[in-house]
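With my numbering as the guide, the letters of the sequence shown map in order to residues 5 to 267. Ideal Cβ positions, reconstructed from N, Cα and C, are used throughout, including at glycine.
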Amino acid sequence: MMGRLIYSCLWLILLLDLVLRIAGNPEGDALNVLKNNLADPNNVLQSWDATLVNPCTWFHVTCNSESSVTRVNLGNKNLSGELVAQLGQLSNLQYLELYANNISGTIPEEFGNLTNLVSLDLYVNALTGGIPTTLRKLTKLRFLRLNNNMLKGQIPMSLTTITSLQVLDLSNNKLEGDIPVNGSFSLFTPISFGNNNPNNPPPPPPPPPPITPPASNTSGIGSLGFIAGGVAAGAALLFAAPAIVIAWWRKRKPLDNFFDVPG
């Protein structure tokens, strides 16, 4: 009887494990799709094992206390290939760093589903196509760096509604059309849009105001000069007084008369 119970428990455990493997983890599955879509000559994704319950033990992946992915850091890893729409399923993702690789293709529209995203770093790649208008939904975004790609088309005006945006770099692409200057974009200088083909380059920032020297107190200076002159005159008179008295005394003193007496 006991043996049969143990046997049944083992079968139940195996069945549960099989179900978990089939069901998988949505975030791990999404990252595994990305892995299969990238060429990885340096094997930096070797630890990305799709058979694990979740991807929190994978290198270059960070999770929160609820085992949900919050960061994917694959910057400067010599990866090539294309981005995948499944990354939009990482609902708690805050940092997506794929900069300085050789990633081509377009930016998926599904990236607009990453509503907790704080930083999107795709700079220095070979991305083409336009900037998705769906990025306007990233209301927590503070860093948007898409520079040094081959992006085309216009800059979506809707991006100006992202009031949290602090750092923007769209330079060194093939963007054209009008550059938005309202909303959050009013904070950014021409450096953020350099080496594109815009219709209206943003004006340079105004020069700093001139430095005004403090007003001089001429009356005070005049008073000080008068006092200093009086002190100098008094000191000169003090030193000259004895000489004047001596000269006066000598003038009043009768001269002694000396006569030669013949011998």
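In whole angstroms, what is the alpha-carbon distance linking Pro-214 and Glu-113? 48 Å
I'd like the list of long-range same chain contacts for Gly-134, defined as Cβ closer than 7 Å, with 5 residues on each side in sequence excluded. Leu-155, Lys-156, Gly-157
Compute the Euclidean distance between the alpha carbons of Lys-178 and Phe-197, then round it to the nearest angstrom. 10 Å
Could you compute how far the alpha carbon of Val-235 sits from the alpha carbon of Pro-212? Low confidence applies here, because Val-235 scores a pLDDT of 48, under 50, leaving its location unreliable; read the following figure in that light. The straight-line gap from Cα to Cα measures roughly 46 Å.
Using CA coordinates, which residue listed in Arg-140, Leu-191, Gly-116, Pro-160 is at the minimum distance from Ile-166? Arg-140
To the nearest angstrom, report how far apart Arg-149 and Tyr-127 are at their CA atoms. 6 Å
Buried/exposed call for Leu-191, threshold 16 Cβ in 10 Å: exposed
Leu-97 and Asn-120: beta carbons closer than 8 Å? yes
Thinking C-alpha only, which one of Ala-34, Thr-74, Gln-170 is nearest Arg-146? Gln-170
Distance check for Leu-172 and Leu-24, CA to CA, integer angstroms please. In this predicted model, Leu-24 has a pLDDT of only 43, less than 50, meaning its place in the structure is not dependable; the value taken from the coordinates is given anyway. Distance between the alpha carbons of Leu-24 and Leu-172: 42 Å.
For Asn-77, I'd like the list of residues in its chain whose CB is within less than 6 Å of its CB, leaving aside the five on either flank, ordered along the chain. His-64, Glu-101
Check Thr-137 in the structure and name its three-state DSSP category. helix
Beta-carbon within less than 8 Å of Ser-108's beta-carbon, same chain only, minus the 5 sequence neighbours each way: which residues are those? Ser-84, Gly-85, Glu-86, Asn-129, Ala-130, Leu-131, Thr-132
With a threshold of 7 Å on Cβ separation, who are the neighbours of Cys-60 within its own chain once the five nearest residues in sequence on each side are excluded? Cys-67, Ser-71
Could you tell me the alpha carbon to alpha carbon distance between Thr-110 and Ser-69, rounded to whole angstroms? 32 Å
Should Val-48 and Val-88 be called a contact, given that it needs their Cβ atoms to be closer than 8 Å? no
Check Ile-195 in the structure and name its three-state DSSP category. helix
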